[in-house]
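Encoded as structure tokens, the structure appears first; notes follow it.
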Amino acid sequence: MELEISIAPDVLFYIGSFPMTNSLLWSLFISAFLISIAFLVRFSLKTIPGTLQNCAEILVEEGFSFVRSVIGTEEKAKKVFPLFATLFLFILAANVFTYVPGQSAVTLYNEGGAGTPLFRAALADYSMVLVLTLISVFVVQIVAVMMHGPFGYLGKFLNFQSPLKFFLGLMNIVGELAKVLSLSFRLFGNIFAGEVLGAVILFLVPFIAPLPFMFLGVMTAIVQAFVFSTLTLVFITLASEIEADELVEQASM
Amino acid sequence: METEALKAIAAGLAIGLGAIGPALGEGIIASKAMEAIGRNPEASSKITPVMFVTMAITESTGIYALVIALIILFG
């Protein structure tokens, strides 16, 4: 058996000129799964909830109270909660589903006899993680522009009052750009490293030895989903807060 | 030296040196959390999730090094 590790996902087939990779297929499957669960819960709402509705209610209630406690006000929490919950549930489902036994054995063979696995962890594909990160970073920028106004927001980066402030403003630009890298590398690195570690241990000792690593992997899967969505929430909270001196400025205008 | 050998050395150095900082950091976080739980055992349910989140954030520099090492090896 050969150890097969690649950073880029394998292409299954082409739709026109659009390559359909196995991680894209997997992520579409997860989206379909989450959407169908959501509809199932929505159209079977009862006064006395069943198991599924109970789980959904716990998720929504606990999630909402957590968002509220971080962001401060009910009104803001209502706006941010859908994004937070979607990110959390999608990443959680994508990570946990890779531990469903047997899914990695489903392989597609072409005429030459070379096989490509049909499923691959959706977040072990950097483009998927990058898109999620870009969504959260763009939302943060939009919130900041909405709160400070376009010129107030630009003033944070281009400040001509003193050389030091000008330099700090430039540093802020670097900081905003670094957010994209740090958020996406954190998630991608954890998931991809988990996959590689699992493959290597399975290759060395096929029995029992992989179990503790699987446990670590499941824990990382849950913690990383929480970390990614919480960091997005914290960035949005920071962007949505108006600093004290700005309040004075707005009041005096 | 051959490119393959250099790649192996580079990947090993990248992850080996990159793991030092996060390891120390996580140790400090864990010890402080233990101290806090020791002082106030009732707060352990509040401290533990925060500890995990801060650990995951501290770990990220190590993960960057790991990503670089994996890119060197398999990219």
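Chains as they are written, first to last, in this note's numbering: chain Z, 6 to 258; chain C, -14 to 60.
For every residue, glycine included, the Cβ atom is placed at its ideal position computed from N, Cα and C.
Predicted model, so just to flag it, every value in this text is computed and none were measured.
By the DSSP assignment, the alpha helix (DSSP H) with residue i in it spans what residues?
| i | result |
| --- | --- |
| Z:V16 | Where Z:V16 is concerned, there is no enclosing alpha helix (DSSP H), although the beta strand (DSSP E) it sits in stretches over 16 to 20. |
| Z:P24 | Where Z:P24 is concerned, there is no enclosing alpha helix (DSSP H), although the beta strand (DSSP E) it sits in stretches over 23 to 26. |
| C:G47 | 29 to 59 |
| Z:I241 | 215 to 245 |
| C:M19 | 5 to 24 |
| Z:L97 | 79 to 101 |
| Z:R191 | 168 to 209 |
| Z:Q108 | That residue, Z:Q108, is in no alpha helix (DSSP H); it is neither H nor E in DSSP. |
| Z:S132 | 131 to 162 |
| Z:A61 | 56 to 76 |
Provide the residue span of the beta strand (DSSP E) that contains residue i, from first to last.
| i | result |
| --- | --- |
| Z:T112 | 112 to 114 |
Report, in whole angstroms, the separation of the C-beta atoms of residue i and residue j, which I expect to be a contact under 8 Å.
| i | j | result |
| --- | --- | --- |
| Z:A99 | Z:S32 | 7 Å |
| Z:D130 | Z:P24 | Actually they are not in contact, since the Cβ atoms of Z:D130 and Z:P24 sit about 12 Å apart, beyond 8 Å. |
| Z:V185 | Z:V232 | Not quite, the Cβ-Cβ distance comes to about 16 Å (not below 8 Å), so this is no contact. |
| Z:I12 | C:F59 | 6 Å |
| Z:V111 | Z:L123 | 4 Å |
| C:A(-1) | C:I42 | Between C:I42 and C:A(-1) the Cβ distance is about 20 Å, and since that is not below 8 Å, they are no contact. |
| Z:A214 | Z:I206 | 6 Å |
| Z:A183 | Z:F93 | 23 Å between Cβ atoms; not a contact. |
| C:A28 | C:A21 | 7 Å |
| Z:L30 | Z:L17 | 6 Å |
| Z:L88 | Z:V144 | 6 Å |
Within 7 Å of any Cβ in chain C, is that where the Cβ of residue i sits?
| i | result |
| --- | --- |
| Z:R191 | yes |
| Z:A198 | yes |
| Z:M258 | Bear in mind that the predicted position of Z:M258 carries a pLDDT of just 49, short of 50, making it unreliable; the figure below should be weighed with that in mind. Cβ-Cβ to chain C under 7 Å: no for Z:M258. |
| Z:M6 | Below a pLDDT of 50, predicted positions are generally treated as unreliable, and Z:M6, at 46, falls in that range; the measurement from the model is reported next regardless. Taking Cβ atoms only, chain C never reaches closer than 7 Å to Z:M6, which makes this a no. |
| Z:S22 | no |
Is the CB of residue i under 7 Å away from at least one CB in chain Z?
| i | result |
| --- | --- |
| C:V38 | yes |
| C:M48 | Rather than Met, the amino acid found at residue 48 of chain C in this sequence is Ile. Cβ-Cβ to chain Z under 7 Å: yes for C:I48. |
| C:L(-2) | no |
Against residue i, what residues of chain Z qualify as contacts under a CB-to-CB distance less than 7 Å, listed in chain order?
| i | result |
| --- | --- |
| C:A41 | V228, Q229, V232 |
| C:I56 | I12 |
Below 8 Å on C-beta distance, what does residue i contact in chain Z?
| i | result |
| --- | --- |
| C:L51 | G194, A198 |
| C:S45 | S187, F190, R191, G194 |
Give the residues of chain C in contact with residue i, contact being defined as C-beta atoms less than 7 Å apart.
| i | result |
| --- | --- |
| Z:V201 | L55 |
So which residues on chain C does residue i lean against when the C-beta distance must stay under 9 Å?
| i | result |
| --- | --- |
| Z:T235 | V38 |
Worksheet item: Given 8 Å as the limit, is there contact between the segment 43 to 54 of chain C and the segment 0 to 15 of chain C, that is, 3 or more CB pairs closer than that?
Response: yes
Discussion item. Counting beta carbon pairs with one atom in the segment 174 to 183 of chain Z and one in the segment 148 to 163 of chain Z, are three or more of them shorter than 8 Å?
Written reply: yes
Worksheet item: So does the segment 45 to 55 of chain Z actually touch the segment 133 to 153 of chain Z, counting three or more Cβ pairs closer than 8 Å?
Response: As far as the Cβ criterion goes, the segment 45 to 55 of chain Z does not touch the segment 133 to 153 of chain Z, which means the pair count is below three.
Worksheet item: Is the segment 218 to 228 of chain Z touching the segment 66 to 84 of chain Z, taking contact as three or more C-beta pairs under 8 Å?
Response: no
Discussion item. Between the segment 49 to 57 of chain Z and the segment 149 to 156 of chain Z, can you find at least three pairs of beta-carbon atoms closer than 8 Å?
Written reply: no
Worksheet item: Does the segment 70 to 80 of chain Z come within contact of the segment 238 to 248 of chain Z, defined as at least 3 CB pairs closer than 8 Å?
Response: yes
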